[in-house]
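Accompanying notes for the structure given below.
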Amino acid sequence: MIAVQDRKLALWNIGVAYVAFLIGTLGGLLQVFIRNDALQLPAWLDYYQILTAHGVLLALIFTTFFIFGFFITGMSKSLGSFGPKVRLFSWVGFWVTLLGTVMATAMIIAGEASVLYTFYAPLKASGFYYVGLALFIIGTWISSFALVGHYRVWRKNNKGQLSPLFAFMTITTIIMWIIACLGVVATVVFQYIPWAFGWTDTIDVELSRTLFWFFGHPLVYFWLLPAYMAWYVIVPKILGVKVFSDSLARLSFVLFILFSIPVGFHHQLTEPGISNFWKFLQVVLTFMVIVPSLMTAFSMFATFEIAGRKNGGKGLFGWFTKLPWKDIRFTSIFIAMAFFIPGGAGGIINASFQLNEVVHNTLWIVGHFHITVGTPVAMTFMGLTFWLIPYLTGRKFTKSMKVLGLVQIITWSIGMVLMSTAQHLLGLLGAPRRTAYSGYNDHPSAMDWFDGLLTNHVTMAIGGSILFVSAMILIYIVVMTMFLSPKAVEPKDMVDFPMAESDMSRTPKWLENWWIWIGLAVLLILIAYAIPLSHMIQHAPPGSEGFKTW
Amino acid sequence: MHLHKYEKIWLVFGIVSLIVFLSVVGVSAFSQGHTPAGGMDTIDPKKVNETAPFDNPGVTQLDDDTYQVAIVALAFGYTAPDLKVPVGKEIVFKVTSTDVVHSFTIDNTKVNMMVVPGRITTKSYTFEKPGTYLILCNEYCGTGHHMMYTEIEVYEE
Numbered sequence: 002m003i004a005v006q007d008r009k010l011a012l013w014n015i016g017v018a019y020v021a022f023l024i025g026t027l028g029g030l031l032q033v034f035i036r037n038d039a040l041q042l043p044a045w046l047d048y049y050q051i052l053t054a055h056g057v058l059l060a061l062i063f064t065t066f067f068i069f070g071f072f073i074t075g076m077s078k079s080l081g082s083f084g085p086k087v088r089l090f091s092w093v094g095f096w097v098t099l100l101g102t103v104m105a106t107a108m109i110i111a112g113e114a115s116v117l118y119t120f121y122a123p124l125k126a127s128g129f130y131y132v133g134l135a136l137f138i139i140g141t142w143i144s145s146f147a148l149v150g151h152y153r154v155w156r157k158n159n160k161g162q163l164s165p166l167f168a169f170m171t172i173t174t175i176i177m178w179i180i181a182c183l184g185v186v187a188t189v190v191f192q193y194i195p196w197a198f199g200w201t202d203t204i205d206v207e208l209s210r211t212l213f214w215f216f217g218h219p220l221v222y223f224w225l226l227p228a229y230m231a232w233y234v235i236v237p238k239i240l241g242v243k244v245f246s247d248s249l250a251r252l253s254f255v256l257f258i259l260f261s262i263p264v265g266f267h268h269q270l271t272e273p274g275i276s277n278f279w280k281f282l283q284v285v286l287t288f289m290v291i292v293p294s295l296m297t298a299f300s301m302f303a304t305f306e307i308a309g310r311k312n313g314g315k316g317l318f319g320w321f322t323k324l325p326w327k328d329i330r331f332t333s334i335f336i337a338m339a340f341f342i343p344g345g346a347g348g349i350i351n352a353s354f355q356l357n358e359v360v361h362n363t364l365w366i367v368g369h370f371h372i373t374v375g376t377p378v379a380m381t382f383m384g385l386t387f388w389l390i391p392y393l394t395g396r397k398f399t400k401s402m403k404v405l406g407l408v409q410i411i412t413w414s415i416g417m418v419l420m421s422t423a424q425h426l427l428g429l430l431g432a433p434r435r436t437a438y439s440g441y442n443d444h445p446s447a448m449d450w451f452d453g454l455l456t457n458h459v460t461m462a463i464g465g466s467i468l469f470v471s472a473m474i475l476i477y478i479v480v481m482t483m484f485l486s487p488k489a490v491e492p493k494d495m496v497d498f499p500m501a502e503s504d505m506s507r508t509p510k511w512l513e514n515w516w517i518w519i520g521l522a523v524l525l526i527l528i529a530y531a532i533p534l535s536h537m538i539q540h541a542p543p544g545s546e547g548f549k550t551w
Numbered sequence: 002m003h004l005h006k007y008e009k010i011w012l013v014f015g016i017v018s019l020i021v022f023l024s025v026v027g028v029s030a031f032s033q034g035h036t037p038a039g040g041m042d043t044i045d046p047k048k049v050n051e052t053a054p055f056d057n058p059g060v061t062q063l064d065d066d067t068y069q070v071a072i073v074a075l076a077f078g079y080t081a082p083d084l085k086v087p088v089g090k091e092i093v094f095k096v097t098s099t100d101v102v103h104s105f106t107i108d109n110t111k112v113n114m115m116v117v118p119g120r121i122t123t124k125s126y127t128f129e130k131p132g133t134y135l136i137l138c139n140e141y142c143g144t145g146h147h148m149m150y151t152e153i154e155v156y157e158e
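Heads up: the protein sequence lines correspond to chains A and B, in order.
Take the first sequence: its letters are residues 2 to 551, numbered as in the working numbering.
Take the second sequence: its letters are residues 2 to 158, numbered as in the working numbering.
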């Protein structure tokens with residue numbers, strides 16, 4: 002059991018995450034019913050306001066707070082209790098992040114920021130929305146540096162040793178996050194805030210988009226890497242085996258520092274201001290993350306096979322039936338991984354240069370991120386929640402909770418299969434994303450989109466409703482395990498943090514020489530961005546004034 | 002660093018497929034001209050209506066086989082009078098915006114262009130089938146985003 006103060010810190014982070022989850026999923030439910038014209042919003046509420054809240058609260062707030070709750074717990078568990086300074090800065094980071102969240106959310110609710118979570122200029126929200134976003138990022142940096150400080154203390158006391166795998170992976174994720182945020186901080190602080198408060202008249206739109214996507218793509222790896230940490234470090238322990246290969250796990254993580262950042266142009270493939278050469282170069286760099294992804298897939302299935310055979314599984318696939326399918330901590334994460342197979346394949350399609358034109362900004366993209374961040378990441382976090390909260394509160398995870406957890410995971414899977422399949426197919430037909438109900442004046446081709454067996458408004462609405470039910474079951478589990486379930490007194494009722502052993506004896510030391518990886522990352526960023534970005538700045542058109550079109 | 006034999010096979014297979022795949026995409030892009038919408042031209046977003054070709058939006062025949070279509074996108078529509086183009090000819094679309102970011106997307110085609118104020122997006126496309134095509138905006142641009150559309154008629158000569 003980790004120190005009481007560290008538990009409190011982690012629980013506050015997780016608590017905020019699930020408040021955001023509650024409001025965010027409610028937004029999702031409203032959206033599917035507005036889109037099929039079954040629900041009329043009152044005049045003071047707008048579809049795009051709900052859409053902004055749904056995106057910001059789930060993709061940014063839920064994920065980030067949960068990730069820090071997970072990191073804090075795991076760092077305290079693997080490196081020892083936090084010192085007073087680390088604890089203080091973790092709290093400062095938490096409150097600054099929360100302040101930013103509250104400011105941005107208040108602006109969305111007030112209708113001053115219906116600009117979606119991508120906030121593309123020259124849509125101009127209230128300046129306080131951008132200040133809120135900046136505080137949010139700065140807060141995560143403070144929390145990040147607190148964890149880095151904790152790690153440095155450990156390194157100083159354990160000279161010449163490799164750090165535990167969990168800590169190594171946390172630091173990798175944090176390094177990537179800090180470098181990635183430089184882009185969004187630059188655009189928000191130097192472009193949006195002066196412009197939104199009227200200190201400057203105009204904004205360079207293409208530059209702001211490019212700086213945003215410098216951040217926007219690694220953001221998805223900031224969600225994914227903590228899920229990968231669960232897959233690498235938590236799953237083997239649940240299965241009763243060791244980490245498949247310590248060096249392989251570390252290598253795949255550092256590759257993400259290198260290849261998740263210099264790739265933002267693949268979100269800008271169909272826009273002007275970037276020449277084809279630089280777009281294609283970043284497409285190539287984008288695909289490099291396939292290598293660590295394949296390494297991860299291999300490690301996972303190797304772990305499953307080793308565990309299944311240990312349990313008496315025979316033959317080519319016999320081990321598969323011997324996995325602990327009744328253990329909700331495992332089954333949830335296994336389903337999450339299964340969703341990532343079509344999710345990752347869809348990502349390859351999206352980034353495939355000219356092929357992007359077929360899917361760009363269609364509902365396909367919405368389907369894509371619901372089976373990447375919306376399931377592989379979110380469901381891994383759910384699978385962690387089932388033991389993480391009881392571990393932190395010292396309460397039981399009762400039989401009825403286990404059953405409910407299973408129901409929750411299964412309903413989420415069914416809802417997501419229905420909704421995301423409909424979205425993918427609708428997108429291929431051409432239906433745009435981010436739209437309220439529209440038949441484009443009953444244009445025949447728009448009518449055709451929604452006329453299929455799976456491609457209709459009903460499938461999406463049924464899927465969305467099942468997902469909402471599932472989300473409410475999860476909220477119930479969270480509330481119970483946080484406040485109401487009976488305390489675990491007997492040792493057999495205590496919920497543990499499953500952290501697998503990892504054999505470091507053959508892991509090369511250079512893997513933990515961060516300057517190598519930061520240096521290479523900076524080099525790749527310079528190669529990918531220096532020339533096109535300076536061209537963009539030097540040949541900038543007159544800037545744009547702000548518009549409030551909502 | 003130790004790698005399992007099967008893992009080596011798996012990674013080599015993955016990396017080779019990656020190289021093949023990227024080569025196919027690259028050759029198709031740069032030797033056959035299958036590149037996405039783009040362009041490096043800039044424009045003053047406040048002077049769009051007095052800058053060529055947007056001072057005269059709509060269809061212009063450039064030569065026997067090429068037509069240019071100049072479009073201005075703005076919240077929530079397109080200033081493009083009466084879009085009619087022939088089937089089987091190269092159509093060069095040039096689009097810009099006078100306000101926020103939009104898209105110019107023609108349903109059932111590969112024309113899917115981001116429209117950024119201050120920039121001119123260009124895409125060349127040849128229609129293979131006649132008909133009336135739906136044009137819509139698929140980048141969020143405000144309250145009326147889902148009402149932003151128009152049509153283009155592709156006729157047989």
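By construction, the Cβ of each residue, glycine as well, lies at the ideal position given by its N, Cα and C atoms.
This one's a predicted model, so the numbers in the text were calculated from it and none came from an experiment.
**Prompt:** Among residues of its own chain, excluding the 5 on either side of residue 156(B), which ones have a beta-carbon nearer than 8 angstroms to its beta-carbon?
**Reply:** 85, 86, 87, 88 and 131
**Request:** Report the rounded CA-to-CA distance for residue 214(A) versus residue 397(A), giving the unit in angstroms.
**Result:** Distance between the alpha carbons of residue 214(A) and residue 397(A) is about 43 angstroms.
**Message:** Suppose only complete runs of 4+ residues qualify. What are the alpha helix (DSSP H) ranges in the segment 76–148 of chain A, listed by chain order?
**Reply:** 85–110
**Message:** Can you confirm whether the segment 94–105 of chain B touches the segment 122–141 of chain B when touching is taken to mean that 3 or more C-beta pairs between the two stretches lie within less than 8 angstroms?
**Reply:** By the C-beta criterion, the segment 122–141 of chain B is judged to be in contact with the segment 94–105 of chain B, since at least 3 inter-stretch pairs fall below 8 angstroms.
**Item:** Selection of the segment 418–431 of chain A by Cβ proximity to chain B, strictly under 7 angstroms
**Value:** 431
**Item:** Simplified DSSP state of residue 74(B), which is helix, strand or coil
**Value:** strand
**Request:** Measure the alpha-carbon distance for residue 109(A) versus residue 142(B) and round it to whole angstroms.
**Result:** 16 angstroms
**Request:** Kindly list the residues whose CB is nearer than 7 angstroms to the CB of residue 50(A), restricted to its own chain and excluding five residues on each side of it in sequence; keep chain order.
**Result:** 109, 112 and 115
**Any alpha helix (DSSP H) of 4 or more consecutive residues that is wholly inside the segment 299–333 of chain A** = 319–322
**Request:** Indicate the three-state DSSP secondary structure (helix, strand or coil) for residue 361(A) in the structure shown.
**Result:** coil
**Message:** Threshold first: 4 residues or longer. Then list the alpha helix (DSSP H) segments lying entirely within the segment 3–56 of chain A, N to C.
**Reply:** Counting whole runs of 4 or more residues, the segment 3–56 of chain A contains the alpha helix (DSSP H) stretches 5–36 and 48–56.
**Item:** Alpha-carbon to alpha-carbon, residue 128(B) and residue 22(B)
**Value:** 28 angstroms
**Asked** For residue 61(B), which residues does DSSP report across the bridge?
**Response** 69(B)
**Asked** Are residue 26(B) and residue 471(A) touching if we call contact CB-CB under 9 angstroms?
**Response** no
**Prompt:** Under the rule that 16 or more other beta-carbon atoms within 10 Å means buried, what is residue 9(B), buried or exposed?
**Reply:** exposed
**Request:** Hey, could you find the ends of the beta strand (DSSP E) residue 127(B) is sitting in?
**Result:** Here the beta strand (DSSP E) through residue 127(B) covers 122–127.
**Message:** Just to check my reading of the structure: residue 175(A) and residue 522(A) have Cβ atoms closer than 8 angstroms, yes? What is that Cβ distance to the nearest angstrom?
**Reply:** Incorrect: roughly 13 angstroms between the Cβ atoms, too far for contact.
**Asked** Is residue 124(A) closer than 9 angstroms to residue 548(A) when the C-beta atoms are compared?
**Response** Yes; because the gap between Cβ atoms is below 9 angstroms, this pair is in contact.
**Asked** In the DSSP assignment, what are the bridge partners of residue 153(B)?
**Response** Answer is 134(B), bridged to residue 153(B).
**Asked** Listed in chain order, which residues of the segment 357–388 of chain A have Cβ atoms closer than 9 angstroms to some Cβ of chain B?
**Response** 357, 358, 359, 360, 361, 362 and 363
**Prompt:** What residues in its chain sit with their C-beta under 7 angstroms from that of residue 363(A), if we drop five residues either side in the sequence?
**Reply:** 428, 431, 432, 433 and 434
**Which listed residue (188(A), 4(A), 238(A) and 337(A)) has its alpha carbon closest to that of residue 73(A)** = 4(A)
**Message:** I'd like the ranges of any beta strand (DSSP E) spanning at least 3 consecutive residues and lying wholly in the segment 393–452 of chain A.
**Reply:** none
**Message:** Taking only three categories from DSSP, how would you classify residue 39(B)?
**Reply:** Residue state for residue 39(B) is assigned as strand, using DSSP reduced to three classes.
**Asked** What are the residues of the segment 255–284 of chain A that lie near chain B, defined by any Cβ-Cβ distance shorter than 9 angstroms?
**Response** Taking 9 angstroms as the Cβ-Cβ cut-off against chain B, the residues of the segment 255–284 of chain A that qualify are 269, 270, 271, 272, 273, 274, 275, 276, 277, 278, 280, 281 and 284.
**Prompt:** Taking only beta-carbon atoms, is residue 73(B) less than 9 angstroms away from chain A?
**Reply:** no
**Request:** Determine the extent of the beta strand (DSSP E) in which residue 458(A) is found, giving its start and end residues.
**Result:** For residue 458(A), no beta strand (DSSP E) segment is defined; the enclosing uninterrupted segment is the alpha helix (DSSP H) at 458–480.
**Asked** Do we get a CB-CB distance below 9 angstroms when we pair residue 206(A) with the residues of chain B?
**Response** For residue 206(A), the answer is yes, since a Cβ of chain B falls inside 9 angstroms of its Cβ.
**Message:** Please report whether the beta-carbon of residue 338(A) lies at a distance below 9 angstroms from any beta-carbon of chain B.
**Reply:** Using beta-carbon distances, residue 338(A) does not count as an interface residue toward chain B, since no partner is under 9 angstroms.
**Item:** CA-to-CA distance, residue 507(A) to residue 324(A), given in whole angstroms
**Value:** 28 angstroms
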